[in-house]
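Heads up: the structure comes next, in structure tokens.
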Amino acid sequence: MFPTSLDRYKHFCAAVEKDEGQAMSVLDLYITRVLVKEPDLREVCQNLGDSVHKGLLTLNLGVPISDEIWEDPQALLLPETLINATAAGKGRTKARTRQLPDVAPTLDSLLPRNPSFGIVAAVVREALAQQREEHSHATPANPDTVYRRLLQALHPTTGGTPGYHDPDHMNPIRAKLQGFKLLRDVLPFELLTTKTGMSSLLAFMSMGQGYATQQFLGQIKQRAGRMHFQKLQDCVDTFESEEAKQQNLLVKTKFDNMNIYGTANTLYSVHPSISIPGTRKRRTLTIREKFEPMFDAKLQGSYSALLGTLSGKDPSTSDAPRVRWDSVLHWIVKSGLVGFASGLGALQFANNLVLAGVASPPSPDDMAQWIHLHKGYGAFRGLQLLGFNLPRNASPSSVRAAFICVYAWLDHHLSEKDKDLVDFGAIFVEQLLCKIGRWQCIFAAKCGKEDLAERARKEFEKTVGWKAGENESNYDKWPIPPCVDRSVFKAIIDAR
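If you count by this note's numbering, then the sequence shown holds residues 3 to 498, one letter each, in order.
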């Protein structure tokens, strides 16, 4: 299957090592030319990729993956899914992953040593510094540090641009993501309380719109109504015409993005692939089939009922009660829409409505519960990296206590100006925890054996004489102090 000699690939490997962006752009151009000549290869390759991906995951789990689970690749990461799937086929795994009783944790059991907040401080410091530089139009003070490069999704040591580049994947400030700014540009927030505004938001998110599709969204801004579709046909016509136009272009404009949440997921493409009930076969949806459920009259009616007296009103001026974040989450999951029935699609739909002023923010307890139910995502891994003792079968109380320890530390030590810049709340802290794991992973992939969390910890814990707010004018300063005595968290943990 594999060549016995890799000599023929040395030149290409050397080119990638020297300049990954340039080398991969040449390969991308070649693949684009092939697809122009043989357009049917796109669907063949997609189906082959799905089959290989499913096969590898099946080997990893050791049990077959059902079509229902495969519909949402992110669901494979959910702890309950893994527990149920592996318990059926592996006795040893069943014993290892059995859910722990929801017993309140102790300080020693949850936090056996002082938390390693160095990587938190590094991520927040760089994000705050970048925000202040953008607001003042100042030249970045430290543009070439490892941390700043990671924030900007560049190679951490060379500063090169990778083949796939999306700074939103590295930014901990959810309210300041480029994708969220682009959403505001093409779909004014006052429309999000209307039936068609909700459908248009789903259309936007289901295509993975954001930083990677900004050129396409720039064209949409010139369209009458931008991305507010008054009816299903308007939405279908927009994407059918764009797809037809792209087929005749050698260099294509990206108008969907399967990697919107970091991992490729065909559900966020223009033609999702879904399983055929009762068979092992899959089929590709047409553009109309993809968007039709989002404009369903029953769905639109239930959304209006969900919003209550806020329905149809401008959230920036109305004093009508806001719908609860968890109610939005329950509603979108219950809808069963492709790409929104679980996981990150549902979470980010609810978060978008909060940041747009339509829904009320989640409490720390609400977000901690979500993290407990989705241990395969980045926030749970972030808590582990900070030193919290959380096995895969950690109890709800343990996850809640760990999350609130981080939340409380940031809430107490960040200055009010810092909190304003990061739009501090449970959404920010969850996003921050996700980025800790991603920064760690990207750094490890590019820089070999060096551990980013350990590097940041060593730098951070050298801090002497920390002063609150000092980072507001000196961007080299840390926004939070190191924790030198874990006992400060005892009251929080005991209360869980």
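For every residue, glycine included, the Cβ atom is placed at its ideal position computed from N, Cα and C. Note that this is a predicted model, so its numbers are computed, not measured.
DSSP on SER118, reduced to helix/strand/coil?
-> For the purposes of this step, residue 118 is identified with residue 116 of the sequence shown, where counting begins at 1. Coil at SER118, not helix or strand.
DSSP three-state call for VAL325: helix, strand or coil?
-> Within the sequence shown, residue 325 is the residue found at index 323, counting from 1. Correct three-state label for VAL325: strand.
How would you call THR288, buried or exposed, if buried means at least 16 neighbouring beta carbons within 10 angstroms?
-> Translated into the one-based positions of the sequence shown, residue 288 becomes position 286. Exposed, since its Cβ has fewer than 16 Cβ neighbours within 10 Å.
Test item: CB-CB of ARG324 and LEU312 under 8 Å | Your numbering for residue 324 matches position 322 in the sequence shown. Your numbering for residue 312 matches position 310 in the sequence shown. Yes, Cβ-Cβ distance for ARG324 and LEU312 is below 8 Å.
Span of the beta strand (DSSP E), counted from its first residue to its last, around ILE276 | For the purposes of this step, residue 276 is taken as the residue at position 274 of the sequence shown. Taken as a continuous stretch (DSSP letters only), the beta strand (DSSP E) holding ILE276 covers 275-277.
Tell me the DSSP bridge mates of ARG284?
-> Within the sequence shown, residue 284 is the residue found at index 282, counting from 1. For ARG284, which the question treats as bridged, DSSP gives the partners SER277.
What separation, rounded to the nearest whole angstrom, lies between the Cα atoms of ASP452 and LEU251?
-> If you number the sequence shown from 1, residue 452 lands on position 450. If you number the sequence shown from 1, residue 251 lands on position 249. Sequence inspection shows Glu at residue 452; the Asp mentioned does not correspond to that position. Near 43 Å, if we compare the C-alpha coordinates of LEU251 and GLU452.
Near ASP316, which residues of its chain fall below 6 Å by C-beta distance, leaving aside the five closest residues on each side in sequence?
-> The count along the sequence shown starts at 1 and reaches residue 316 at position 314. The residues are GLU192.
For the alpha helix (DSSP H) containing LYS254, list its first residue and its last residue.
-> In the sequence shown, the residue the question calls residue 254 occupies position 252. Looking at the DSSP string, LYS254 is not in any alpha helix (DSSP H), and its letter there is neither H nor E.
What is the residue span of the alpha helix (DSSP H) that PRO366 lies within?
-> Within the sequence shown, the letter at position 364 stands for residue 366. Looking at the DSSP string, the run of the alpha helix (DSSP H) that includes PRO366 is 366-375.
Sufficient close CB pairs (3 or more, under 8 Å) joining the stretch 352-369 to the stretch 400-410 = yes
Quick one: grab the DSSP three-state call for SER306.
-> Along the sequence shown, read from residue 1 onward, the residue named residue 306 stands at position 304. Three-state DSSP puts SER306 in a helix.
Go ahead and pull the three-state DSSP assignment for TYR53.
-> Taking the sequence shown and counting its residues from 1, the one referred to as residue 53 is at position 51. Checking the sequence shown, residue 53 turns out to be Ser, not Tyr. Three-state result, SER53: helix.
So, are the CB atoms of GLN302 and SER201 less than 8 Å apart?
-> In the sequence shown, the residue the question calls residue 302 occupies position 300. In the sequence shown, the residue the question calls residue 201 occupies position 199. Closer than 8 Å, so yes.
Between the Cα of THR160 and those of ALA446, VAL148, ILE33 and ALA470, spot the shortest distance and give me the residue it belongs to.
-> For the purposes of this step, residue 160 is taken as residue 158 along the sequence shown, with counting starting at 1. The candidate whose alpha carbon is nearest that of THR160 is VAL148.
Could you check what DSSP says for ALA470 in three-state terms: helix, strand or coil?
-> Position 468 of the sequence shown, counted from the first residue, corresponds to residue 470. The answer is coil: DSSP assigns ALA470 none of H, G, I, E or B.
From LYS469, LYS448, THR465 and GLN442, residue whose alpha carbon lies closest to that of GLU456 | Translated into positions along the sequence shown, residue 456 becomes position 454. Closest option to GLU456, Cα to Cα, is GLN442.
Mind checking THR108: buried by the 16 CB within 10 Å criterion, or exposed?
-> Locating residue 108 in the sequence shown gives position 106, counting from the first residue. It counts as exposed.
Can you grab the Cα-Cα spacing for the pair GLN180 / ASP420, in whole Å?
-> Translated into positions along the sequence shown, residue 180 becomes position 178. Translated into positions along the sequence shown, residue 420 becomes position 418. Those two C-alpha atoms are separated by around 19 Å.
What residue does the alpha helix (DSSP H) around VAL408 start on, and which one ends it?
-> Within the sequence shown, residue 408 is the residue found at index 406, counting from 1. Where VAL408 is concerned, the enclosing alpha helix (DSSP H) stretches over 398-415.
Check SER362 in the structure and name its three-state DSSP category.
-> In the sequence shown, residue 362 corresponds to position 360, counting from 1. It is a strand residue.
Report the rounded CA-to-CA distance for ASN354 versus CYS449, giving the unit in angstroms.
-> Taking the sequence shown and counting its residues from 1, one reaches residue 354 at position 352. Taking the sequence shown and counting its residues from 1, one reaches residue 449 at position 447. Distance between the alpha carbons of ASN354 and CYS449 is about 34 Å.
Inside the stretch 204-241 only - alpha helix (DSSP H) runs reaching at least 4 residues = 216-222
May I ask you to report which of helix, strand or coil DSSP gives LYS178?
-> Within the sequence shown, the letter at position 176 stands for residue 178. DSSP places LYS178 in helix when its eight states are reduced to three.
Mind reading off the beta-carbon distance from GLN211 to THR255? Whole number of angstroms is fine, and I expect it under 8 Å.
-> The count along the sequence shown starts at 1 and reaches residue 211 at position 209. The count along the sequence shown starts at 1 and reaches residue 255 at position 253. 13 Å between Cβ atoms; not a contact.
Tell whether a beta-carbon distance below 8 Å holds between PRO393 and HIS374.
-> Stepping through the sequence shown from its first residue, residue 393 is reached at position 391. Stepping through the sequence shown from its first residue, residue 374 is reached at position 372. Contact flag unset, no.
Segment limits, alpha helix (DSSP H) that includes CYS436 = Counted from its first residue, the sequence shown places residue 436 at position 434. Here the alpha helix (DSSP H) through CYS436 covers 428-449.
Put MET296 into one of helix, strand or coil per three-state DSSP.
-> Residue 296 sits at position 294 when you count from the first residue of the sequence shown. Helix.
For ILE482, three-class secondary structure by DSSP = Numbered from its first residue, the sequence shown carries residue 482 at position 480. Looking at ILE482 - three-state DSSP - the assignment turns out to be coil, as it is neither helix nor strand.
Could you give the C-beta distance for SER400 and LEU112, rounded to a whole number, given that I count them as a contact under 8 Å?
-> As a working mapping, residue 400 is identified with position 398 in the sequence shown. As a working mapping, residue 112 is identified with position 110 in the sequence shown. So it is a contact: roughly 6 Å between Cβ atoms.
Taking only the alpha-carbon atoms, compute the straight-line gap between ASN395 and PRO158 and give it to the nearest angstrom.
-> For the purposes of this step, residue 395 is taken as the residue at position 393 of the sequence shown. For the purposes of this step, residue 158 is taken as the residue at position 156 of the sequence shown. Whole-angstrom Cα-Cα distance: 34 Å.
Are the CB atoms of LEU434 and VAL105 nearer to each other than 8 Å?
-> As a working note, residue 434 is residue 432 in the sequence shown. As a working note, residue 105 is residue 103 in the sequence shown. Not a contact, by the Cβ cut-off of 8 Å.
Other residues of its chain near ARG440: CB distance less than 8 Å, five sequence neighbours each side excluded = Within the sequence shown, the letter at position 438 stands for residue 440. For ARG440, where only same-chain residues beyond five positions count, the Cβ hits under 8 Å are HIS171, MET172, GLY264 and GLY380.
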